[in-house]
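Under numbering that gives the first Met the number 0, the first residue of the sequence shown carries the number 0, and numbering increases by one thereafter. Beta carbons: idealized from backbone N, C-alpha and C, even for Gly. First up is the structure itself, then whatever we jot down about it.
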Amino acid sequence: MFDVIVVGAGCAGLTFSKFVAEKGFRVLVLEKEKSLCVKPCGEYATNYDFGGVRFDEIYGSRKGLNKRYNHFFLDYYGEKVKINAELIDIDKKIVYKELARQAVKNGAEIRMGEKVKQIKRCNGFIEVDGKKARLVVGADGYSSTVRRFVGGKKPMYFTGIRAFAKKDLDTPTFFVNDDYTINGYAWAFPKKGGLVNLGVGGFFRNDNLKKGFEKFCEDFGVKPFSVEGGIGPCSPPIKSYYDNVLLVGDSCSQISALSGGGISIAMFCALKAAETANKFLKKGVLSSKRLKEYEVSWRKVLMSPLRESFFLANVNNSPLKKLLPKKFVTNLLKWRASSKSLL
Ligand SMILES: Cc1cc2nc3c(=O)[nH]c(=O)nc-3n(C[C@H](O)[C@H](O)[C@H](O)COP(=O)(O)OP(=O)(O)OC[C@H]3O[C@@H](n4cnc5c(N)ncnc54)[C@H](O)[C@@H]3O)c2cc1C
């Protein structure tokens with residue numbers, strides 16, 4: 000019998016596991032892939048103050064953290080706007096490896112290559128592919144099996160194409176331009192060794208995404224390599240607590256709909272989930288009524304910026320945006336950057 004079974008060894012699952020195993024609870028992490036961090040990503044983390052705690056404090060290491068930037072640029076139809084917000088260039092594979100090391104050091108067990116297929120309730124416990132636990136955590140991303148088990152609402156989604164290219168770039172930059180995506184944005188993030196991580200992302204499946212990506216690379220003057228596609232949620236967050244079950248990260252859409260940024264948000268929510276789990280595992284009560292404390296704690300800090308991010312994403316995705324003066328939109332984004340809605 001495990002105290003907790005965590006489904007998914009992404010940044011949400013690993014962060015949760017290290018904080019719960021630290022308190023002496025028996026934690027098992029099941030990950031379907033044979034290695035960590037296979038999903039394509041822009042590999043930049045925001046470092047906002049989430050009610051007194053930041054990404055790098057939750058992470059608790061410097062491994063895989065590269066250059067820090069105190070601003071980025073938004074290229075809005077050719078008009079360049081400076082937005083003040085701290086971003087960290089991360090090497091995500093190293094960060095995931097380090098999070099896994101911390102979780103294992105604290106006593107968690109991680110099993111790679113174990114795809115969770117069947118989850119059922121059984122006399123007040125939960126059985127995950129035949130293994131029993133008092134609590135199950137769905138940290139299994141956008142297509143979450145755990146969310147399906149509890150009947151959670153499937154979030155809307157964005158699709159993205161990510162690649163690398165050789166180019167010297169000083170500052171991370173987002174591009175809003177219909178030539179690249181009608182309902183999203185393109186990005187170019189400087190990486191080590193004269194490389195950039197670049198790509199496009201847009202609401203829903205988008206048949207023109209490939210064409211937009213090619214046009215973006217052409218305008219940006221680069222030949223992309225390691226081109227990969229990815230998918231993520233882009234709704235406001237859905238309910239994250241049920242009897243004996245918590246959802247964390249992409250599985251319950253804890254992500255900025257505007258930027259598609261979810262790493263530091265998932266890790267903050269994982270910390271909050273761990274605090275609630277530690278309290279109620281100790282008390283031996285894991286009803287949804289008690290576990291709601293988790294949802295209340297992350298909502299207090301994130302709900303308003305995430306709702307606003309969704310609102311701004313909808314403005315960006317609306318054909319009506321063309322009617323708004325450029326100056327109005329860029330000033331709005333500049334102003335809201337400090338409110339975390341551009342996470
Ligand atoms: C193209 C793209 C670029 C992005 N760029 C950025 C960026 O630059 N910065 C940023 O902050 N965010 C970015 N994001 C979003 C970010 O990747 C996610 O928000 C973040 O990874 C969420 O973490 P997670 O742990 O919740 O989920 P995930 O990282 O998706 O991890 C879920 C894990 O669960 C595993 N899993 C799934 N199903 C099962 C199962 N049945 N059994 C066992 N294991 C299972 C998966 O293999 C995976 O390892 C990007 C997303 C995309 C698609």
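- Apart from sequence neighbours up to five positions away, the residues of its chain that approach residue 72 with a beta-carbon distance below 8 Å are 79, 80, 81, 82, 170, 171, 172 and 173, ordered along the chain.
- A distance below 7 Å between beta-carbons, with the five flanking residues on each side excluded, links residue 76 to the following residues of its chain, in chain order: 175, 176 and 325.
- Residue 157 and residue 117 have their alpha carbons spaced roughly 27 Å apart.
- Residue burial annotation: residue 17 is buried, with at least 16 other C-beta atoms found within 10 angstroms of its C-beta.
- Note on residue 309: 16 or more other CB atoms within 10 angstroms of its CB, so buried under the neighbour-count rule.
- At the C-beta level, residue 2 and residue 280 come within 8 Å of one another.
- DSSP links residue 121 through a beta bridge to 124.
- In this structure, residue 43 places its C-beta atom within 8 Å of the C-beta atom of residue 86.
- Collapsing the DSSP output to three states places residue 138 in coil.
- Under the three-pair Cβ rule at 8 Å, the segment 199-219 counts as touching the segment 179-187.
- At the C-beta level, residue 127 and residue 244 stay beyond 8 Å of one another.
- Residue 24 sits in coil when the DSSP states are folded into three classes, being neither helix nor strand.
- Per DSSP, residue 211 lies in no beta strand (DSSP E) segment; the continuous alpha helix (DSSP H) that holds it begins and ends at 208-219.
- Look at residue 17 here: in three-state DSSP terms it is helix.
- In the three-state scheme derived from DSSP, where H, G and I count as helix and E and B as strand, residue 313 is classed as helix.
- Residue 272 and residue 61 have their C-alpha atoms spaced approximately 23 Å apart.
- If you check the CB distance, residue 254 and residue 231 come in under 8 Å.
- Two segments are said to touch when three or more pairs of C-beta atoms, one from each, lie closer than 8 Å; by this definition the segment 207-215 does not touch the segment 107-117.
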